[in-house]
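S.K.: Provided herewith is a single structure, encoded as structure tokens, for subsequent inquiry.
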Amino acid sequence: MTNEQKTLNKIFVYLIISGCCNIILLFALLFVVFKETPPQPFLMPKPQEMVVTSDKSNGEWIKIYKNLSTNELYSLLSNSEKVDEGYTKRDLALATLVNFHYFDLKRAIQKKVQKRRALTPLLRNGKPLEVVLFTGLDDQDFLAIQNFIKTEKWPITTRGLFKQLKKNEDSSLEDAFYLTPEFSAIEALFSRSKIPLSKKEILNILLEGTYSTIESFYDQQKVVQDLSSSNRQKFLLKYIEQKSSAAALSLLKTDPSFAVKKLDDHHIILLLELLNEKNPLIERFALALLASPRSDEVWKAAANRLYALSSEKPPEKFDHQQILAHFFPKPILMNKPLMEVPLEKAKPPAPSTPTFIPRDKLYVVQEGDSLWKISRRFKLSVETIIDHNQLKSDFLKPGTVLKIPF
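Quick note on the working numbering: the sequence shown kicks off at 103 and runs consecutively.
Structure follows, in structure tokens:
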């Protein structure tokens with residue numbers, strides 16, 4: 103073996119020894135690294151903390167979101183970025199939709215939601231506005247909310263539908279409002295009337311009033327359902343006091359006798375002010391008032407309404423008998439229900455039914471009246487009243503009109 107070969111062999115041995123040392127050092131280094139930082143378990147990634155991107159409070163975010171459109175707020179319902187006190191942007195977007203845009207969260211998710219109140223920089227009556235925030239909602243809840251928005255044309259509460267109908271009477275809005283429990287409760291109230299109102303007629307009444315009237319009635323019906331005629335009359339009077347002409351006309355349609363005989367002078371005059379269209383119901387109502395024992399104020403209001411309906415100018419001096427003669431050129435039946443005897447189709451009275459002549463004073467028999475009481479009131483004999491009205495018995499039916507001679 104030559105010297106050159108011996109040198110090559112030594113170099114080869116040194117290379118092998120060097121490689122082994124490097125491998126040993128590498129394994130030693132890896133051992134130290136893995137010992138200090140153990141590997142993460144399989145399928146269990148380390149959770150990443152959400153970074154808070156703003157120092158604004160929840161109330162300040164609500165103030166910003168209030169100026170966004172509903173579509174912009176809908177898009178934020180998928181944003182789970184944390185903002186303040188553990189709430190996310192989607193939480194605050196939902197709170198804005200519910201508090202300011204009448205979003206119907208109760209229909210969107212069928213579960214009880216925890217609520218928390220928070221103050222905002224917004225002012226109402228000079229005080230910070232308080233809004234409701236919702237807690238405990240998870241990804242599935244927000245997914246259900248988004249699906250509800252996609253499938254419902256009007257994903258808003260009954261109050262929201264009412265507010266929209268006040269601005270724009272859209273047919274799809276009306277259909278959605280008819281399906282609400284509040285409207286169903288009101289419709290049930292009118293279903294027992296002899297002449298029930300249509301959905302549209304009921305809606306016209308409601309739109310001429312406030313939502314608080316609807317809400318108050320519905321809350322009462324949830325406690326005790328009252329579908330009586332007196333409750334229906336009370337309901338209509340609430341809207342009449344809110345200047346609803348639709349309610350005034352509906353009262354004449356459903357409860358004409360109540361309107362003529364039971365209402366006080368204040369409500370009678372208010373009714374006549376609201377009933378300013380040409381309608382046979384209004385004409386018959388005013389005629390019945392003119393022929394009833396009412397105050398001069400009611401007679402004047404009824405006469406003015408009749409003159410307005412006939413496009414005539416009322417006389418400067420009010421004369422009840424003269425006005426009766428003007429509007430009652432022929433005798434008519436006055437003891438039948440107001441709805442049953444249209445003025446233009448009145449039948450001649452039966453022999454046993456009293457009629458009146460315009461020159462006589464008229465008196466409508468009230469509950470508890472008797473011939474003796476009436477004779478004492480007008481200082482006439484009982485026989486005179488019987489003969490003048492061709493009465494065949496002493497029995498007087500309430501509502502009968504008697505002729506009282508001068």
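Glycine residues also receive a C-beta, built at the ideal position from the N, C-alpha and C atoms. These figures come from a predicted structure and were not determined experimentally.
Exposed or buried, Asp366, counting other C-beta atoms within 10 Å across all chains shown (16 or more means buried)?
M.R.: Exposed, by the Cβ-count rule.
S.K.: For Thr237, is the classification buried or exposed, using 16 other Cβ atoms within 10 angstroms of its Cβ as the cut-off for buried?
M.R.: Label assigned to Thr237: exposed.
S.K.: Count the CB pairs spanning the segment 280 to 291 and the segment 319 to 335 that are closer than 8 Å, and state whether there are at least three.
M.R.: Verdict: yes, contact present.
S.K.: Taking C-alpha atoms, which residue in Lys481, Leu351, Leu194 lies nearest to Glu303?
M.R.: The shortest Cα separation from Glu303 among Lys481, Leu351, Leu194 belongs to Leu351.
S.K.: Between Arg396 and Glu375, what straight-line distance do the alpha-carbon atoms span, to the nearest angstrom?
M.R.: Going from the Cα of Arg396 to the Cα of Glu375 covers about 17 Å.
S.K.: Please go through the same chain and pick out, in chain order, the residues whose beta-carbon is closer than 6 Å to the beta-carbon of Ile488, but skip the five residues on each side of it.
M.R.: None.
S.K.: Excluding the 5 residues flanking Lys415 on each side, which residues of the same chain have their C-beta closer than 8 Å to its C-beta?
M.R.: Tyr409.
S.K.: Using the rule of at least 16 other Cβ atoms within 10 Å of the residue's Cβ for burial, across every protein chain shown, is Ile118 buried or exposed?
M.R.: Exposed is the call here.
S.K.: Just to confirm my understanding: we take Tyr167, look at its own chain, exclude 5 residues before and 5 after, and list those with CB closer than 7 Å. What are they?
M.R.: Here the set comprises Leu175, Leu194, Ala195, Thr198.
S.K.: If I follow the unbroken beta strand (DSSP E) through Ile506, where does it start and stop?
M.R.: 503 to 506 is the span of the beta strand (DSSP E), which, as asked, contains Ile506.
S.K.: Give me the Cα-Cα distance between Thr190 and Arg209, rounded to the nearest whole angstrom.
M.R.: About 22 Å.
S.K.: To the nearest whole angstrom, what separates the beta carbons of Arg192 and Phe244, a pair I think is in contact under 8 Å?
M.R.: That pair is a contact at about 6 Å.
S.K.: With which residues is Leu235 paired in a DSSP beta bridge?
M.R.: Paired residue(s): Arg218.
S.K.: DSSP three-state call for Tyr204: helix, strand or coil?
M.R.: Residue state, collapsed to three classes: coil.
S.K.: Using C-beta distances below 6 Å, list every residue in its chain close to Asn111, excluding the 5 sequence neighbours before and after it, in chain order.
M.R.: Taken in chain order, the list of residues that qualify is empty.
S.K.: From the DSSP output, in three-state form, read off Ile297 for me.
M.R.: Residue state, collapsed to three classes: coil.
S.K.: Return the CA-CA distance between Lys265 and Arg294, expressed in angstroms with no decimal places.
M.R.: Cα-Cα distance, rounded: 28 Å.
S.K.: Pull up the distance between the alpha-carbon of Ile125 and that of Thr109, whole angstroms please.
M.R.: If you take the alpha carbons of Ile125 and Thr109, they lie about 25 Å apart.
S.K.: With Lys559 as the anchor, note down where its alpha helix (DSSP H) starts and where it stops.
M.R.: Any property of residue 559 remains undetermined from this structure, which presents the chain solely from 103 to 508.
S.K.: Over the uninterrupted beta strand (DSSP E) stretch that includes Val185, give me the two end residues.
M.R.: Segment 184 to 186, the beta strand (DSSP E) holding Val185.
S.K.: Check whether the Cβ atoms of Ile258 and Asp206 lie closer than 8 Å to each other.
M.R.: Yes; because the gap between Cβ atoms is below 8 Å, this pair is in contact.
S.K.: What are the complete alpha helix (DSSP H) segments, minimum 4 residues, inside the segment 296 to 340?
M.R.: Runs found: 301 to 309, 313 to 325.
S.K.: With a 10 Å radius around its C-beta and 16 neighbouring C-beta atoms as the bar for buried, classify Phe387 as buried or exposed.
M.R.: Flag for Phe387 reads buried.
S.K.: With DSSP as the reference, please indicate the residues paired to Thr190 in a beta bridge.
M.R.: Looking at the DSSP assignment, Thr190 forms a beta bridge with Lys184.
S.K.: Per the DSSP calculation, Tyr465 is bridged to which residue(s)?
M.R.: Per DSSP, Leu504.
S.K.: What does a CB cutoff of less than 6 Å around Lys214 pick up in its chain, not counting 5 residues either side in sequence?
M.R.: Once the five neighbours on either side are set aside, Lys214 has no close Cβ partner at all.
S.K.: Could you tell me if Pro587 is buried or exposed, where buried requires 16 or more neighbouring beta carbons within 10 angstroms of its beta carbon?
M.R.: The question about residue 587 has no answer here: the residues shown for the chain are numbered 103 through 508.
S.K.: Where does Ser495 fall in DSSP's three states?
M.R.: Residue state, collapsed to three classes: coil.
S.K.: Would you mind reading off the limits of the alpha helix (DSSP H) that contains Phe387?
M.R.: Phe387 -> alpha helix (DSSP H) spans 382 to 392.
S.K.: In terms of DSSP beta bridges, what is Arg226 paired with?
M.R.: Looking at the DSSP assignment, Arg226 forms a beta bridge with Lys229.
S.K.: Looking at the secondary structure, which residues open and close the alpha helix (DSSP H) in which Trp474 lies?
M.R.: First-last of the alpha helix (DSSP H) with Trp474: 473 to 480.
S.K.: Taking C-beta to C-beta, are Ile384 and Leu411 nearer than 8 Å?
M.R.: For Ile384 and Leu411, yes; Cβs fall inside 8 Å.
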